[in-house]
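Take the sequence shown: its position 94, counting from 1, is numbered 83 in the working numbering, and each next residue is one higher. Ideal Cβ placement from N, Cα and C applies to all residues, glycine included. Here the structure is a predicted model, which means the values were calculated and not measured.
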Amino acid sequence: MRLPLSLLIFLGLLVFIPDDSTASHQFEQSPEQPKVINATVPTYPIIAAMAHVFGKVEVEVETNAKGDVASAKAISGHPLLCGTSEEAAKRWRFELEPKDKNNRSLQLTFDFKNPSDVSCNVKPVFINPYYVEINFVYKLPEFSDTINHIPPESKGKRCPVHGELLKRDKVEIIYGLIEFKPEYLEAEKRLFPYANTEDYGGCVIDNVVNPCDGTEVQASPKYAEVLYCQRCRIAEAKWNKTHPWQRK
């Protein structure tokens, strides 16, 4: 089963690729504007994306004679986006003329795009040297292939039938409609309650599709950690051998 895009976006919010790379830029620009040497792009705060906050943040920076940013202050924009924008702006560097010994005020624009629009573009987009678009980039989360079915209070637990100390194992999870041999479940309770040679995961395997490249990832776990009794497994194997079953 493929998960709906709304759920994918929610999952994607849990695993965000921040676009906080620092890059060197040499753009053509007006003579009165100093050239950008280094531009650090702010990260898209995950709390802002989850609150569906987006839009432009205008940051006024003051540079010194070396071209470093001496101060940065957001003069407009949503509060959830202003902090990260100011921190990024402080790391910008500009090429200034040696004769320009006085501090200079410049204005940067960080345009945070709508987080609901799934973006496959990891790179920020510079509309001009002083204006950059930041996308909230989604990445499929890494799903664990194993689920733990061992209760925390199980240490030292023994099999109620054989008295054997239970051990840990990782077994395959079986999906789909499960059909058991006649009388199997009753025999399991009496003879081998902790065989646990496999686990059952429901009728459907959930898959998630990456909207950027179409790759499909299994979200449902493949294995389960369980407790087992070796003598239960031997008893189960004997029972299966003496109770052959051919599905109709």
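Nearest-angstrom Cα separation, counted from residue j out to residue i
| i | j | result |
| --- | --- | --- |
| glycine 203 | phenylalanine 115 | 27 Å |
| isoleucine 163 | glycine 190 | 6 Å |
| arginine 222 | isoleucine 167 | 19 Å |
| isoleucine 64 | aspartate 106 | 26 Å |
| leucine 95 | threonine 52 | 8 Å |
| glycine 44 | leucine 129 | 25 Å |
| valine 25 | tryptophan 81 | 8 Å |
| glutamate 21 | phenylalanine 83 | 12 Å |
| asparagine 196 | alanine 208 | 5 Å |
| alanine 28 | lysine 159 | 49 Å |
| proline 141 | glutamate 175 | 27 Å |
| tyrosine 173 | phenylalanine 132 | 33 Å |
| glutamate 49 | alanine 40 | 25 Å |
| proline 113 | lysine 55 | 26 Å |
| glycine 66 | lysine 144 | 55 Å |
| arginine 157 | isoleucine 139 | 8 Å |
| proline 118 | valine 46 | 15 Å |
| leucine 97 | tyrosine 120 | 6 Å |
Residue range of the alpha helix (DSSP H) that includes residue i
| i | result |
| --- | --- |
| tyrosine 173 | 173 to 180 |
| threonine 73 | 68 to 78 |
| asparagine 229 | 219 to 231 |
| isoleucine 36 | 35 to 39 |
Residues near residue i by beta carbon distance below 6 Å, same chain, minus five either side
| i | result |
| --- | --- |
| tryptophan 234 | Lys170 |
| isoleucine 136 | Pro210 and Ala213 |
| phenylalanine 125 | Tyr33, Ala38 and Pro104 |
| alanine 224 | Leu180 and Phe181 |
| lysine 79 | Val58 and Ala61 |
| proline 31 | Thr73, Ser74, Ala77 and Phe99 |
| cysteine 109 | Cys201 |
| proline 23 | Phe83, Glu84 and Leu85 |
| lysine 146 | Leu155 |
| glutamate 187 | Val160, Glu161 and Ile163 |
Residue environment, residue i, which counts as buried when at least 16 other CB atoms sit within 10 Å
| i | result |
| --- | --- |
| tyrosine 217 | buried |
| leucine 85 | buried |
| isoleucine 123 | buried |
| glycine 152 | exposed |
| asparagine 92 | exposed |
| histidine 232 | exposed |
| asparagine 185 | buried |
| cysteine 71 | buried |
| proline 68 | exposed |
| valine 111 | exposed |
| glutamate 17 | A caution first: glutamate 17 carries a pLDDT of 46, below 50, which makes its placement in the model unreliable, though a value can still be read off. The residue is exposed, with fewer than 16 neighbouring Cβ atoms inside 10 Å. |
Bounding residues of the beta strand (DSSP E) (the contiguous stretch that carries residue i)
| i | result |
| --- | --- |
| alanine 28 | 24 to 29 |
| threonine 52 | 44 to 52 |
| asparagine 196 | 196 to 198 |
| alanine 61 | 58 to 65 |
| glutamate 84 | 82 to 84 |
| valine 193 | Note, valine 193: premise wrong, no beta strand (DSSP E); not H, not E. |
| glutamate 205 | 205 to 207 |
Residues near residue i in its chain [Cβ-Cβ closer than 8 Å; skip 5 each side]
| i | result |
| --- | --- |
| asparagine 229 | Lys170 |
| lysine 102 | Phe43, Ser108, Glu122, Ile123, Asn124 and Phe125 |
| cysteine 192 | Tyr164, Gly165 and Leu166 |
| alanine 226 | none |
| isoleucine 36 | Leu69 |
| glutamate 177 | Ala184 and Glu225 |
Contact set for residue i: own chain, Cβ-Cβ below 7 Å, skip 5 residues either direction
| i | result |
| --- | --- |
| tyrosine 183 | Cys148, Leu155, Leu216, Tyr217, Cys218 and Cys221 |
| aspartate 134 | Pro210, Lys211 and Tyr212 |
Residue i beta carbon near the ligand HEM (any heavy atom closer than 7 Å)
| i | result |
| --- | --- |
| glycine 145 | The ligand HEM is not among the ligands present in this structure, which contains no ligands whatsoever. |
Short CB-CB distance (under 8 Å) between residue i and chain C
| i | result |
| --- | --- |
| glutamate 75 | The question asks about chain C, but that chain is absent: this structure has only one protein chain. |
Practice task
Within the segment 98 to 164, note down every full beta strand (DSSP E) run reaching 3 residues or more, in order along the chain.
Solution key: Unbroken beta strand (DSSP E) stretches of 3 residues or longer found wholly inside the segment 98 to 164: 114 to 117, 120 to 123, 135 to 137 and 156 to 163, given in chain order.
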